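Student: After the structure tokens below, expect a handful of questions from me.
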Amino acid sequence: MEELKHELEKLSKAYKDTPEKEEKVLIPFIKKLLELPMKERRKLLPVIRDLQWIKGKFAGFSSETFCSRDRARFLAVVQFVCANKKEMDMAYNINFDLICKLLPLYCPTWLTDFINDDKSWNNFNLSYEELMSLMDMGYLKELAPSRIAHLLPGCIRIATDDPKKKDSFNSNLLLKRDIMLKEHIWTIFEYDSSVSYQDESAKSAYKEGITAQDESISAALYRFSLDGHLDRNRLLKATLATFHRGFKKDMAGWFAGFFETLQPTTEELLSLQEEMMQVFTSSYTKPINVMLQQFKKIAVEDGFSYQEFVERATTLFFSSPKNSLFTIYSIFEKIAAQHPEMRETCCITLCQLFLKKDESLQKKAAGFIAKYGDASSSVLQETLQAYQPEMFQNAQTTIATFNAQSINKTNNTETAYTEAVNTGITTTAADFLSEEPSTETIRICREDNRIPFPDNKEDFLFQLSRLFDMEESWETDTTIAAIIAFHPQLDEEDFSRMEPIFQRAANIVASSWMPYEDLLATFLLEYQRLWAQADTTPQGFLRNMFTRLEEKLKGIDSNRGAYDERAKRLADWKPGYSNATCFIPFKKLWIDVICRIKGGNTLPLLSAPTHTPAYIQATELIQRLAAYQKAGTKPNAWDFQLAIARCAMEDKEEAIATARQLLKDEYLHLFLFLLDEDTQPEPPYNYQPVWITAGLVKSPETEFKAFKSFSCNILSHNYLSGDYEWKELKPKEKSYDTDKRLLQLEFYKWHEYAKRNSHQLWQEHLIINSKYNMDDSRYMEPLLCCFPNRPEPLIAQIITCYMSFGTPQEDSKRSIAHALRMLLSFHCPLREMSLLLLGGSLLFADKTVRSYAAELWVEGLTAGRINNRRVGEILARLICMELAPLKRFTTQVYESMYKRSDFHNRQLEELLTVFISGLPDKPVIGLKQLLELHLELLINNHSKVADEQLRQRLQEWTTSSNLKKVITSLNNL
């Protein structure tokens, strides 16, 4: 056998795939193998696997690349006669000609099952016609429908041997076998297939002149349905049934287009109404749009099921796009004209359009009601009144007669509205929105957001078992703090219950490439070492458990490198794939935790948050520090910094009184400086990094003179405060260029920052040198939660890494959305970088991101955290930089910022005034819609254009015929 293995290695490495070599080398070797029993042949499988890959090493890492095509072909044939179905992973290298030579020599029992496995990517490189030929020869028992569906669309393609030429197509190949149109063609209507891709390729070939006519499958099936080759009624029904089979979007879109290609007649459409209405439940818009267009064709026909259509179409108002809603409106208008008894039902149903923040849709609905509605109908009047707060001014004007009747029957609030109408005062339902938001400041530390600390040992052990499954950063912080508190209470039995979490930590260290998770696991294994070292029992239970985990680590890591390179001690930990230092402060803090446990120090962690998401109540922090003062123990510098950075800046007078009562000397001076606006730094400065942190929390924009001489105060102040300048981007070759980012921090100078780093400030380590350290919320949240009072430096880096316009990647959408959620959970004022993130997000391509930004604007104004005028200036500047289309902002305002309250409407008016005033001299695309929104808002607020700069800008734009009407309306307010 060793000689055979050596021969296999020698032949496979030297093999060249030519007909001559195939006949003289490959086939004779296969015949030689077939003389051996299968048990002996299977011994070659490990050799085949080794020869598949070419191993190499570079920069201390091992690498593997797949072998050459010639070797792969040789090995695939050898594998064919040695392997079972599951082990056959090189079948793709065997083509039809070769398998026809192999099957007379050896036909495995698993062949049919292997070929019919449509979930495998390792199948033979065989076409539909080639598989049918194998069935004709008797080697295949049957072909599964799913395999037929996968291969059949490709049968019309005629491949060319010239790589410079494109493939041709011939749809008449579908007529080659009777069974193709009789049975097999129907499989593409039931199973996933490549029909969309093959169809598009054939259409492209026709457009480029490669084929004389459209040879696509869709065109061919249409012809076959007319000439009798296919049952046309079955074809139409099969197409409609595809929308309930869970196909992906591209497949559903292809079948929707195919239904149009079939050009169903009026009689056919009338007979298929039930099947067509069932398509309304589809999760994709194109099939629904196509069905609506077909219904529009038969809306005036006698056999049209108009009552059922109105009932079924009601569900489409919530999720359908604008064009679909316009089509529904057109059908409703035909129904109302043909069937008067349906007019009120149609009017009431169309009232749902008032929920759409689109003026054109609302005007359509209002016009329909004015034309077909019955003003004396109490049901219609009540429905209109319910939707009135959502109506735009033009819609209200159109149905004013209905509003007048409706208001006369309502309560005092509505009577006031009637009086306003009767006296000629322009009033809207928005006047009755909530007025000013509550003046009561939202507290940072409340009972409902207090973080629970484990009450007993059982609670602690359960919480520790979830360490790697925790979704919130504060859960991890609390668990680590609880280890210090509960460690003295634990015994050997408790430790045995902790073994599963230690085993999981070992697996993470051995296999994970996520830095924060890897660091957390390394910390937990370091904690485990304390138990092993303290085990003095004869049985050595704890030592044995640790040994088992070490051995498991070695086994898991045997293919990736030496164990010692992966499972280092916590003090030696560093990220596995970059030189980033953003996690180093965590490591230093957790090393201190290990040292405390080892030394029997049970003093609490200063930095453990007391309230979500990451705040520490000032009085409680003072009490913790007082415990250190009483014990004569100095707090860890990293723990102290983080605690000050998380201190909740509220109830300052109470906290100052507590500090004066419990603290003395430098601790007292530090907290008086932090909490009292008028107090300046006072020596001694034994905790220099902590003093700087306190200064950044108290007043980030201020550089305190007392700190300038500190050894840790090396970096420029703007790096610590996050006060970066964002520069104009260079001119772009294309509008809305997708590779331009809003803010460019100089990551390439990272090595310079590292050299200047004092390695004493937590803030210094948060200058991220690569976006790959923040592209997951599991990293971003712990980092942002280090500085809930001043997240600006990290926000600047998030903007740099992810705020790109055009078509963003999924990681960009996820990361920006998470950053906005974190800002929503914080209570700090939004400074320049956060306002820039807010402004950029309101123009971002992703709707979810824009929605979070809108909520941040609403919440931030309510809490007094936002400079509204500055947001308007930022938005104007971004539009001037041509980074994004204006329509994104206008649409988002209609959807989630307009009519939130009277207060927010006035703030929106201020925002739009500043925004519009700062737009370019030349009108940008989408300006008309923005001005119409502004007009609607001013009418709602009973305001007029009072800002002189805005008046001047409007005057400049009157030369544009497209804007003249709306500008005239604005000036006439």
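Take 26 as the starting number for the sequence shown in the working numbering and just add one per residue. C-beta: ideal position from N, C-alpha, C; glycine also. Quantities reported herein were computed from a predicted structural model and do not represent experimental measurements.
DSSP three-state call for G586: helix, strand or coil?
Tutor: Its pLDDT being 36, under 50, G586 is placed unreliably by the model, and the measurement read from it follows with that caveat. Three-state DSSP puts G586 in coil, outside helix and strand.
Student: Please classify Y804 as buried or exposed, where buried requires at least 16 neighbouring CB atoms within 10 angstroms.
Tutor: Y804 comes out buried.
Student: Mapping the DSSP letters down to three states, classify F139 as helix, strand or coil.
Tutor: Three-state result, F139: helix.
Student: Pull up the distance between the alpha-carbon of L650 and that of L955, whole angstroms please.
Tutor: Between L650 and L955, the C-alpha separation is close to 55 Å.
Student: Does the beta-carbon of E496 have 16 or more other beta-carbons within 10 angstroms, so that it is buried, or is it exposed?
Tutor: Per the 10 Å Cβ criterion, exposed.
Student: Looking at T1: is its Cβ nearer than 7 Å to the Cβ of L768?
Tutor: Because residue 1 is not part of the residues shown, which for the chain are 26 to 998, the question remains open.
Student: Please classify F696: does DSSP put it in a helix, a strand, or coil?
Tutor: If DSSP states are grouped into helix, strand and coil, F696 belongs with the helices.
Student: Could you give the distance in angstroms between the alpha-carbon of V304 and the alpha-carbon of P53?
Tutor: The alpha-carbon atoms of V304 and P53 are separated by roughly 59 Å.
Student: Using 8 Å as the cut-off, can you tell me whether the segment 915-933 makes contact with the segment 969-976, which would need three or more C-beta pairs spanning the two stretches below that distance?
Tutor: Not touching, per the Cβ criterion.
Student: Is C826 helix, strand or coil by DSSP?
Tutor: Helix at C826.
Student: Sorted by chain position, which residues of the same chain lie with C-beta nearer than 8 Å to L70's C-beta, five sequence neighbours on each side aside?
Tutor: Hits under 8 Å: Q104, C107, A108 and E112.
Student: Could you check whether S850 and P1005 sit closer than 7 Å to each other, using their CB atoms as the reference points?
Tutor: Because the chain here runs from 26 to 998, residue 1005 falls outside it and cannot be looked at.
Student: What separation, rounded to the nearest whole angstrom, lies between the Cα atoms of W279 and E215?
Tutor: So the alpha carbons of these two residues sit roughly 14 Å apart.
Student: So, using beta-carbon positions, are M858 and I904 closer together than 7 Å?
Tutor: No.
Student: Looking at L988: is its Cβ nearer than 7 Å to the Cβ of W982?
Tutor: Cβ distance < 7 Å, so L988 and W982 count as in contact.
Student: Thinking just about the alpha-carbon of each residue, which of A230, G282, N996 and G943 is nearest to the one in D957?
Tutor: First, the residue type needs correcting, since residue 957 is Glu and not Asp in the sequence shown. Of A230, G282, N996 and G943, the residue nearest in Cα terms is N996.
Student: Please state if the CB of L380 and the CB of E415 are separated by a distance shorter than 7 Å.
Tutor: It is a contact, given that the beta carbons lie within the stated cut-off.
Student: For H1012, which residues in the same chain have their Cβ closer than 7 Å to its Cβ, ignoring the five residues on either side in sequence?
Tutor: Outside the displayed range of the chain (26 to 998) lies residue 1012, so it cannot be described from this structure.
Student: How would you call P600, buried or exposed, if buried means at least 16 neighbouring beta carbons within 10 angstroms?
Tutor: Buried.
Student: Is it the case that the Cβ atoms of F334 and V315 are separated by a distance below 7 Å?
Tutor: Result no, Cβ atoms of F334 and V315 do not sit closer than 7 Å.
Student: Indicate whether K262 and S241 have their beta-carbon atoms separated by less than 7 Å.
Tutor: No; because the gap between Cβ atoms is not below 7 Å, this pair is not in contact.
Student: Do you know how far the Cα of Q642 is from the Cα of S632?
Tutor: Rounded to the nearest angstrom, the two C-alpha atoms are 11 Å apart.
Student: Classify G747 as buried or exposed, calling it buried when 16 or more other Cβ atoms lie within 10 Å of its own Cβ.
Tutor: Under this definition G747 is a buried residue.
Student: Considering only C-alpha positions, which residue in the set S521, T423 and R98 is nearest to G398?
Tutor: Closest by alpha carbon: T423.
Student: Closest by CA to C737, which one among T727, S724, W716 and V722?
Tutor: C737 has its Cα closest to that of W716, out of T727, S724, W716 and V722.
Student: Per DSSP, what kind of secondary structure is C672 in: helix, strand or coil?
Tutor: Reduced to three states, the DSSP call for C672 is strand.
Student: Give a yes or no on whether the C-beta atoms belonging to N195 and I183 are separated by under 7 Å.
Tutor: In this structure, I183 lies closer than 7 Å to N195 by Cβ.
Student: Look up T306 in the DSSP assignment and say whether it is helix, strand or coil.
Tutor: Reduced to three states, the DSSP call for T306 is helix.
Student: Could you tell me which residues DSSP pairs with R182 in its beta bridges?
Tutor: BP columns for R182 point to F194.
Student: Determine the burial state of A719: buried for a count of at least 16 other Cβ atoms within 10 Å of its Cβ, exposed for fewer.
Tutor: Buried is the call here.
Student: What did DSSP end up calling I964 once you bin it into helix, strand or coil?
Tutor: Looking at I964 - three-state DSSP - the assignment turns out to be helix.
Student: On the three-pair Cβ rule with 8 Å, is the segment 512-529 touching the segment 651-669?
Tutor: As far as the Cβ criterion goes, the segment 512-529 does not touch the segment 651-669, which means the pair count is below three.
Student: DSSP beta-bridge partners for R475?
Tutor: Its beta-bridge partners are H636.
Student: DSSP state of A596, grouped into three classes?
Tutor: Looking at A596 - three-state DSSP - the assignment turns out to be helix.
Student: Between the C-alpha atoms of R839 and M828, what's the straight-line distance to the nearest angstrom?
Tutor: Near 11 Å, if we compare the C-alpha coordinates of M828 and R839.
Student: Are the Cβ atoms of Q785 and P714 separated by less than 7 Å?
Tutor: The answer is yes: Cβ separation under 7 Å.
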